[in-house]
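Presented below is the structure to which this report refers.
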Amino acid sequence: MLDALTIAVAATALALAAWCGLAAYRDLPTKDRHFIGMAVVSALALVQLVVGIVQLARGERPGEGVAIFLAYLVGSALAVPAAGFLSLAERTRWGSATVAAGAVVLAVLEVRLHDVWGG
Amino acid sequence: MTGTGQAREGAEDTAVAGAGRTRLVAGPGLLLVWLYGVMSVGAVSRSVYQILTDFGSAPLAHTLSAVAAVVYAFITYTLVRGGEAARRAALVCCGAELAGVLVVGTWTLADPSAFPDSTVWSAYGMGYLFIPVLLPVTGMVWLRRSRSTGA
Chain H
1126 MLDALTIAVA ATALALAAWC GLAAYRDLPT KDRHFIGMAV VSALALVQLV
1176 VGIVQLARGE RPGEGVAIFL AYLVGSALAV PAAGFLSLAE RTRWGSATVA
1226 AGAVVLAVLE VRLHDVWGG
Chain F
16 MTGTGQAREG AEDTAVAGAG RTRLVAGPGL LLVWLYGVMS VGAVSRSVYQ
66 ILTDFGSAPL AHTLSAVAAV VYAFITYTLV RGGEAARRAA LVCCGAELAG
116 VLVVGTWTLA DPSAFPDSTV WSAYGMGYLF IPVLLPVTGM VWLRRSRSTG
166 A
């Protein structure tokens, strides 16, 4: 369950990064449709946070320790919303570029999260 | 490249705002402050965890991680705060950061045995997609350019 979510979050995050990167390249600010995309990716990351906590509650233990695992889960859930919030105040291509960077950060966090869980 | 010109004009319009300080978080500055923010969170949490759990196993690496964390947090703060003094302080810190990445990066490659655990700046920040070595360079370019637009 967690593995499937990790792959889903990483894949949608990369797609979001490409989409917002394209918007930045075309000199466009983030639009409503981009925010819907961010909401989808953020919702998946939130589900992952809940599933991760449930697995911890069940007594399963990540290879690199509970604290690191939780830190990466929370960071993953916050990365895209934080970048999206910043892009609201910057109505230029640089807002889009920031969201793209945020999505890349999320994809990297997912790779690390996979390592942390596996040990 | 016409797009960049437009974006820069937009940044110049908003460059002087609030309390008369030069806004550094505008246009490309937003992307910069986001990346510095991410690096701050990453470096601070990493170094707090390393120091709390096993400082003794690699004191040099963990001390350098803490130094990196402080530098990142301070640059993020100065960028968000804005103003000429903050801009100068950030410029100096970007230089210190670049020097740190280059020295620590070279050191980790030359004498790996001194670093049983890695730091943010190990191998020029390879574990962080080389962002640690690219960020101060872009930071300094942006901060130097902000001077002419802000004054």
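Going down the list, the sequences are from chains H and F. This note's numbering puts the first residue of the first sequence at 1126, with every later residue one more than the last. This note's numbering puts the first residue of the second sequence at 16, with every later residue one more than the last. All residues carry an ideal CB built from backbone N, CA and C; glycine is no exception.
Look at T1131/H here: in three-state DSSP terms it is helix. Below the 9 Å Cβ cutoff, chain H contributes L1211, S1212, A1214, E1215, T1217, W1219, G1220, A1222 and T1223 as neighbours of L45/F, in chain order. Contact between V48/F and V119/F does not hold, since the beta-carbon distance rounds to 23 Å and is not under 8 Å.
In the DSSP assignment, R1183/H forms no beta bridge with any residue. Taking 7 Å as the cut-off, the beta carbon of L79/F is found closer than this to the beta carbon of T134/F. Look at the segment 63 to 93 of chain F: the residues with a C-beta under 7 Å from a C-beta of chain H are Y64. The segment 1171 to 1244 of chain H contains, as complete alpha helix (DSSP H) runs of 4+ residues, the segments 1191 to 1214 and 1218 to 1243 (chain order). Remark: C-beta atoms of L1171/H and A1202/H approach each other more closely than 7 Å. Per the coordinates, the alpha-carbon of V1134/H lies some 14 Å from the alpha-carbon of V1175/H. In the three-state scheme derived from DSSP, where H, G and I count as helix and E and B as strand, R102/F is classed as helix.
Within the segment 146 to 161 of chain F, no residue places its CB atom closer than 7 Å to a CB of chain H.
The Cβ of V53/F sits closer than 7 Å to at least one Cβ of chain H. In the three-state scheme derived from DSSP, where H, G and I count as helix and E and B as strand, T68/F is classed as helix. Under the criterion of beta carbons closer than 8 Å, I1178/H and V1241/H do not qualify as touching, at roughly 14 Å. For V82/F, the enclosing alpha helix (DSSP H) stretches over residues P74 to R96. For L1147/H, the secondary structure class from DSSP, reduced to helix, strand or coil, is helix. Taking one beta carbon from each stretch, the segment 1211 to 1227 of chain H and the segment 1138 to 1157 of chain H have 3 or more pairs nearer than 8 Å; the two touch.
Going by C-alpha positions, A83/F is about 22 Å away from L39/F.
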